[in-house]
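Visitor: Order-wise, the sequence lines are chains V and L.
All residue numbers for the first sequence refer to this note's numbering, where the first residue is 195 and numbers rise by one.
All residue numbers for the second sequence refer to this note's numbering, where the first residue is 215 and numbers rise by one.
To start, I am sharing the structure in question, which I have written as structure tokens.
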Amino acid sequence: MASAGLETEQAAICPMGGGDASLLARVSLTDPEISARPKPYYDAMRAEDPIHYDEKLGMYLVSRFADIQTVQRDPITFSVEHGYSEQYAKGFAAEFKEILIRDGGGFFPDAIMTDPPYHTRIRKLMDHAFSAHRVKLLEPDIEAIVADVIESFADKGQADAVKDFSVPVTIRVICQQLGLDATYADKIQRWSLAVTAQIGRMQNREQMIANAEEICELQNYLIERIKLREAEPGEDMISDLVHATTEDPENPKLTFAEVVSLVRALLIAGNETTATAMTNLMFILATQPDVAKLLQDSVDDERLLSRFVEELLRIEPPVRGLSRMTTREVEVGGKLLPKGAHMLLMYASGNDDENEFTCPRNFDLNRSNLGRHLAFGGGPHRCIGLSLARMEIRVAAREVVKRLDDIKLAIPIDQITYLPTVATHSIERLPITFKRR
Amino acid sequence: MSSLTVTFVEDNGTVRTITGVAPNQSLMEVGRANGVEGILADCGGACACATCHVYVDPQWEDRVGPPDDIEAAMLDMVSEVQLSNSRLACQIKLSDALDGLKVTVAPIY
Ligand code: HEM
Ligand code: FES
Numbered sequence: 195m196a197s198a199g200l201e202t203e204q205a206a207i208c209p210m211g212g213g214d215a216s217l218l219a220r221v222s223l224t225d226p227e228i229s230a231r232p233k234p235y236y237d238a239m240r241a242e243d244p245i246h247y248d249e250k251l252g253m254y255l256v257s258r259f260a261d262i263q264t265v266q267r268d269p270i271t272f273s274v275e276h277g278y279s280e281q282y283a284k285g286f287a288a289e290f291k292e293i294l295i296r297d298g299g300g301f302f303p304d305a306i307m308t309d310p311p312y313h314t315r316i317r318k319l320m321d322h323a324f325s326a327h328r329v330k331l332l333e334p335d336i337e338a339i340v341a342d343v344i345e346s347f348a349d350k351g352q353a354d355a356v357k358d359f360s361v362p363v364t365i366r367v368i369c370q371q372l373g374l375d376a377t378y379a380d381k382i383q384r385w386s387l388a389v390t391a392q393i394g395r396m397q398n399r400e401q402m403i404a405n406a407e408e409i410c411e412l413q414n415y416l417i418e419r420i421k422l423r424e425a426e427p428g429e430d431m432i433s434d435l436v437h438a439t440t441e442d443p444e445n446p447k448l449t450f451a452e453v454v455s456l457v458r459a460l461l462i463a464g465n466e467t468t469a470t471a472m473t474n475l476m477f478i479l480a481t482q483p484d485v486a487k488l489l490q491d492s493v494d495d496e497r498l499l500s501r502f503v504e505e506l507l508r509i510e511p512p513v514r515g516l517s518r519m520t521t522r523e524v525e526v527g528g529k530l531l532p533k534g535a536h537m538l539l540m541y542a543s544g545n546d547d548e549n550e551f552t553c554p555r556n557f558d559l560n561r562s563n564l565g566r567h568l569a570f571g572g573g574p575h576r577c578i579g580l581s582l583a584r585m586e587i588r589v590a591a592r593e594v595v596k597r598l599d600d601i602k603l604a605i606p607i608d609q610i611t612y613l614p615t616v617a618t619h620s621i622e623r624l625p626i627t628f629k630r631r
Numbered sequence: 215m216s217s218l219t220v221t222f223v224e225d226n227g228t229v230r231t232i233t234g235v236a237p238n239q240s241l242m243e244v245g246r247a248n249g250v251e252g253i254l255a256d257c258g259g260a261c262a263c264a265t266c267h268v269y270v271d272p273q274w275e276d277r278v279g280p281p282d283d284i285e286a287a288m289l290d291m292v293s294e295v296q297l298s299n300s301r302l303a304c305q306i307k308l309s310d311a312l313d314g315l316k317v318t319v320a321p322i323y
């Protein structure tokens, strides 16, 4: 039962995970059924073995809220750079790199997936573009895109929330921000999947080669756009990055290779993640009628909408596992990890931690610690695009409940499929039916 | 060039008075540059994380002023530890008028 009413009955008994300890010995996050429906695995870890070593994956899964926070706040002991490069194209890294150098204009390591102090410099050059105040100015543009996309299917009575709604909205928004051509939407979608597959740990060699070719095409396109913006700045984020400067006289600007990697990161990081959140929005509206009703009754209540967005991200975080690597021997959550231990931060598990969130499976807009969820990570790597993502989801929630009514799933819940990746928990297709409001 | 003095009281009670502060930066930047405990500033001053949350000393509340809507929405996300004098330090721009400002750092969140 969802408790989205104004009075929360925290005392009421809520469904608890408990956890089936035998699962831990038997399964891996890379098993398709576990990857699709991981909650029992998370529950078992939190209860029995909070820093669980998943043998098949070869990683320590950090499952408790407090431990995740400890790790993200110490970027030197727990290195993103080492964790990410270890994860990237794992098993095929050398061949992958070769393909990119041969066909994709070069291999551009992710400038943002690095450690301080280098990372601090990169963030300083980017943070300004994403301030909450700047993003607020984008609201009318985002609203126009969302409304246009919804109107394209509102009269049909049925749609695939992923293909018809979430993906086109997010791609159009990020293209507008980066000054890219939105008619490339299909390509951008394919490119995104190809890039995220590199940290997904579930691709075979053939898939890696196909993905690498997609990434080459993406890079060649971006390189062309970036060169254009170097010559002729416009009102977009590529121009901001190309022309951003710091006070550091030695090293005032981003290099070309850094810009390529950052534009690629923004395009990808801001795309599938936000699209997944929007699909989850439809899922919640379709499966929790009292939440849908509450939103309908209060579409103009900005505070409620903001809270709705945060609780949506807490209860279904799109990003479920990003990596770190220890740079020294260190104890976390009672377990001694050697230097070089590869870890995955299980955000969804942290968001379900009963020690942090009362009745975590309840969709509860009145939590007093709503902002503590881990959907955007935390510490110095906390999501850069979070204000943009929040704005997109908020506008989407408002426009959907204004325009559509009686949203229902058109397939049974247990037939919903998810992308095969450990990095995100993304619904692949979500057929829904609805009426126009 | 004027230089200012600001005081942070950390959550554990330690008083950190910082002198020689240049104006035209945010209170968060001063806290972070001086390693004030509890000023994590994850989002780098983008008003998007609430890890630079402070309570403005009652004597200074009028001069500092209230948060705008966007900041207030962010503070609402941490309502558990929000008080009537809560502000996000990254949204407090320092100037001569705030010379002597005193704030208490909210518990680490
Ligand atoms: C609902 C949507 C989103 C979710 C759930 C999400 C989630 C996350 C998470 C969990 C991290 C932390 C990485 C870590 O600690 O290792 C992150 C980082 C990042 N996100 Fe997002 N994100 C979203 C939207 C966006 C958007 C719209 C953009 C850009 C336009 C973006 C750009 C980035 C970048 C560049 C980083 C790397 C930051 C760093 O390492 O310093 N994200 N995101
Ligand atoms: S530094 Fe993130 S809100 Fe102030």
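C-beta atoms are modelled at their ideal positions from N, C-alpha and C, and glycine is treated no differently.
Keep in mind that this is a model prediction, so the values were computed, not measured.
Going along the chain, which residues of its own chain have a beta-carbon closer than 6 angstroms to the beta-carbon of ASP469(V), five neighbours each way excluded?
Guide: Indexing the first sequence from 1 puts residue 469(V) at position 275. With the sequence shown as reference, residue 469(V) is identified as Ala, and Asp is not the correct amino acid for it. Cβ neighbours of ALA469(V) beyond the five flanking positions: SER360, VAL361 and THR364.
Visitor: Can you list, in chain order, the stretches of the alpha helix (DSSP H) that have 4 or more residues and sit fully within the stretch 504-538 of chain V?
Guide: For the stretch 504-538 of chain V, not a single whole alpha helix (DSSP H) run of length 4 or above is found.
Visitor: What residues sit near the ligand FES, counting only those whose C-beta is closer than 7 angstroms to one of its heavy atoms, in chain order?
Guide: Here the list is MET242(L), ALA255(L), ASP256(L), CYS257(L), GLY258(L), GLY259(L), ALA260(L), CYS261(L), ALA262(L), CYS263(L), ALA264(L), THR265(L), CYS266(L), MET288(L), LEU302(L), ALA303(L), CYS304(L) and GLN305(L).
Visitor: Using the C-alpha atoms, what's the distance from LEU460(V) back to GLU504(V)?
Guide: For this step, residue 504(V) is matched to residue 310 along the first sequence. For this step, residue 460(V) is matched to residue 266 along the first sequence. Using only the alpha carbons, I get a separation of about 21 angstroms.
Visitor: With the cut-off set at 8 angstroms, would you say ASN545(V) and PHE551(V) are in Cβ contact?
Guide: Here residue 545(V) is taken as the residue at index 351 of the first sequence, counted from 1. Here residue 551(V) is taken as the residue at index 357 of the first sequence, counted from 1. Yes, they are a contact pair.
Visitor: Please state if the CB of THR520(V) and the CB of ALA535(V) are separated by a distance shorter than 8 angstroms.
Guide: For the purposes of this step, residue 535(V) is taken as residue 341 along the first sequence, with counting starting at 1. For the purposes of this step, residue 520(V) is taken as residue 326 along the first sequence, with counting starting at 1. It is a contact, given that the beta carbons lie within the stated cut-off.
Visitor: Counting pairs of beta carbons, one from the stretch 297-309 of chain L and one from the stretch 220-238 of chain L, are three or more of them closer than 8 angstroms?
Guide: Contact between the stretch 297-309 of chain L and the stretch 220-238 of chain L is present, because at least three Cβ pairs lie under 8 angstroms.
Visitor: Per DSSP, HIS267(L) is paired with what?
Guide: Position 53 of the second sequence holds residue 267(L). Answer is LEU302(L).
Visitor: Can you tell me where the alpha helix (DSSP H) holding ILE316(V) begins and where it ends?
Guide: For the purposes of this step, residue 316(V) is taken as residue 122 along the first sequence, with counting starting at 1. Segment 312-321, the alpha helix (DSSP H) holding ILE316(V).
Visitor: Which of helix, strand or coil does DSSP assign to GLY565(V)?
Guide: Your numbering for residue 565(V) matches position 371 in the first sequence. If DSSP states are grouped into helix, strand and coil, GLY565(V) belongs with the helices.
Visitor: Any idea which residues DSSP pairs PRO625(V) with across the strands?
Guide: As a working note, residue 625(V) is residue 431 in the first sequence. PRO625(V) is bridged to ASP354(V).
Visitor: My output table needs one value for MET396(V): the three-state DSSP class, helix, strand or coil.
Guide: Numbered from its first residue, the first sequence carries residue 396(V) at position 202. If DSSP states are grouped into helix, strand and coil, MET396(V) belongs with coil.
Visitor: How far does the alpha helix (DSSP H) with THR390(V) in it extend, from its first residue to its last?
Guide: Within the first sequence, residue 390(V) is the residue found at index 196, counting from 1. Looking at the DSSP string, the run of the alpha helix (DSSP H) that includes THR390(V) is 379-390.
Visitor: Could you spell out where the beta strand (DSSP E) holding THR473(V) opens and where it closes?
Guide: Taking the first sequence and counting its residues from 1, one reaches residue 473(V) at position 279. Where THR473(V) is concerned, there is no enclosing beta strand (DSSP E), although the alpha helix (DSSP H) it sits in stretches over 466-481.
Visitor: Pull the bridge partners of THR618(V) from the DSSP assignment, please.
Guide: Counted from its first residue, the first sequence places residue 618(V) at position 424. THR618(V) is bridged to VAL513(V).
Visitor: Cβ of MET537(V) within 7 angstroms of any heavy atom in the ligand HEM?
Guide: Along the first sequence, one-based indexing puts residue 537(V) at 343. Not under cutoff, so the answer is no.
Visitor: So ILE293(V) is in the alpha helix (DSSP H); what residue range does that whole segment cover?
Guide: The count along the first sequence starts at 1 and reaches residue 293(V) at position 99. Start and end: 287-297.
Visitor: Assign ASP547(V) to one of three DSSP states: helix, strand, or coil.
Guide: Counted from its first residue, the first sequence places residue 547(V) at position 353. The answer is coil: DSSP assigns ASP547(V) none of H, G, I, E or B.
Visitor: When you compare the stretch 596-609 of chain V with the stretch 338-348 of chain V, are there three or more beta-carbon pairs, one atom per stretch, that lie closer than 8 angstroms?
Guide: With a cut-off of 8 angstroms, the stretch 338-348 of chain V and the stretch 596-609 of chain V count as touching, because enough Cβ pairs lie within range.
Visitor: On the criterion of 16 or more Cβ atoms from any shown chain inside 10 Å, does GLU275(V) qualify as buried, or is it exposed?
Guide: Residue mapping note: residue 275(V) aligns to position 81 of the first sequence, counting from 1. That one is buried.
Visitor: Please look up how many angstroms separate the CB atoms of VAL329(V) and SER562(V), rounded, as I've assumed it's under 8 angstroms.
Guide: By 1-based counting over the first sequence, the position of residue 329(V) is 135. By 1-based counting over the first sequence, the position of residue 562(V) is 368. Not a contact, Cβ separation roughly 25 angstroms.
Visitor: Would you decide whether PRO483(V) is buried or exposed? Buried here means 16 or more other CB atoms lie within 10 Å of its CB.
Guide: Counting from 1 along the first sequence, the entry for residue 483(V) is found at position 289. Per the 10 Å Cβ criterion, exposed.
Visitor: According to DSSP, is LYS421(V) helix, strand or coil?
Guide: By 1-based counting over the first sequence, the position of residue 421(V) is 227. Here LYS421(V) sits in helix by DSSP.
Visitor: Comparing alpha-carbon positions, which option in TYR236(V), LYS233(V), ASP243(V) and HIS313(V) lies nearest LEU530(V)?
Guide: For the purposes of this step, residue 530(V) is taken as the residue at position 336 of the first sequence. Nearest of TYR236(V), LYS233(V), ASP243(V) and HIS313(V) to LEU530(V), Cα basis: ASP243(V).
Visitor: Is there a C-beta anywhere in chain V that falls below 8 angstroms from the one on MET242(L)?
Guide: Indexing the second sequence from 1 puts residue 242(L) at position 28. Cβ-Cβ to chain V under 8 angstroms: no for MET242(L).
Visitor: Could you check if TYR269(L) belongs to the surroundings of the ligand HEM, using beta carbon to heavy atom distance under 7 angstroms?
Guide: Sequence index remark: in the second sequence, residue 269(L) carries index 55 (1-based). Checking every heavy atom of the ligand HEM against the Cβ of TYR269(L), none is found closer than 7 angstroms.
Visitor: What are the boundary residues of the beta strand (DSSP E) that includes TYR254(V)?
Guide: Reading the first sequence from its first residue, position 60 is the one you call residue 254(V). From DSSP, the beta strand (DSSP E) with TYR254(V) extends over 253-256.
Visitor: Who are the near neighbours of VAL457(V) in its chain, counting only those whose CB is closer than 7 angstroms to its CB and skipping five residues on each side?
Guide: The count along the first sequence starts at 1 and reaches residue 457(V) at position 263. Around VAL457(V): LEU372, LEU416, ILE420, ILE432 and LEU435.
Visitor: Is THR264(V) helix, strand or coil by DSSP?
Guide: Within the first sequence, residue 264(V) is the residue found at index 70, counting from 1. In this structure, THR264(V) counts as helix in the three-state DSSP scheme.
Visitor: For PHE628(V) versus GLY300(V), is the C-beta distance shorter than 8 angstroms?
Guide: In the first sequence, residue 628(V) corresponds to position 434, counting from 1. In the first sequence, residue 300(V) corresponds to position 106, counting from 1. It is not a contact, given that the beta carbons lie outside the stated cut-off.
Visitor: Assuming PRO272(L) and ASN299(L) make a contact with CB atoms under 8 angstroms, what is their CB distance in whole Å?
Guide: Within the second sequence, residue 272(L) is the residue found at index 58, counting from 1. Within the second sequence, residue 299(L) is the residue found at index 85, counting from 1. Yes, they are in contact, since the Cβ atoms of PRO272(L) and ASN299(L) sit about 7 angstroms apart, within 8 angstroms.
Visitor: Based on the DSSP secondary-structure assignment, which residues constitute the bridge partners of SER240(L)?
Guide: Numbered from its first residue, the second sequence carries residue 240(L) at position 26. In the DSSP output, where bridge partners are listed per residue, SER240(L) has LYS307(L).
Visitor: With LYS284(V) as the anchor, note down where its beta strand (DSSP E) starts and where it stops.
Guide: Walking along the first sequence from the start, residue 284(V) turns up at place 90. Element bounds for LYS284(V): n/a, residue is neither H nor E.
Visitor: Applying the criterion that 16 or more other CB atoms from any shown protein chain within 10 Å of the CB defines a buried residue, is THR233(L) buried or exposed?
Guide: As a first step, residue 233(L) must be located in the second sequence, where it is residue number 19. Exposed, by the Cβ-count rule.
Visitor: What I want to know is whether the C-beta of THR467(V) ends up closer than 7 angstroms to one or more non-hydrogen atoms of the ligand HEM.
Guide: Your numbering for residue 467(V) matches position 273 in the first sequence. True, at least one ligand heavy atom lies under 7 angstroms from that Cβ.
Visitor: Sorry if obvious, but does the Cβ on HIS575(V) come closer than 7 angstroms to a heavy atom of the ligand HEM?
Guide: The residue you call residue 575(V) lines up with position 381 of the first sequence. At least one heavy atom of the ligand HEM is nearer than 7 angstroms to the Cβ of HIS575(V), so yes.
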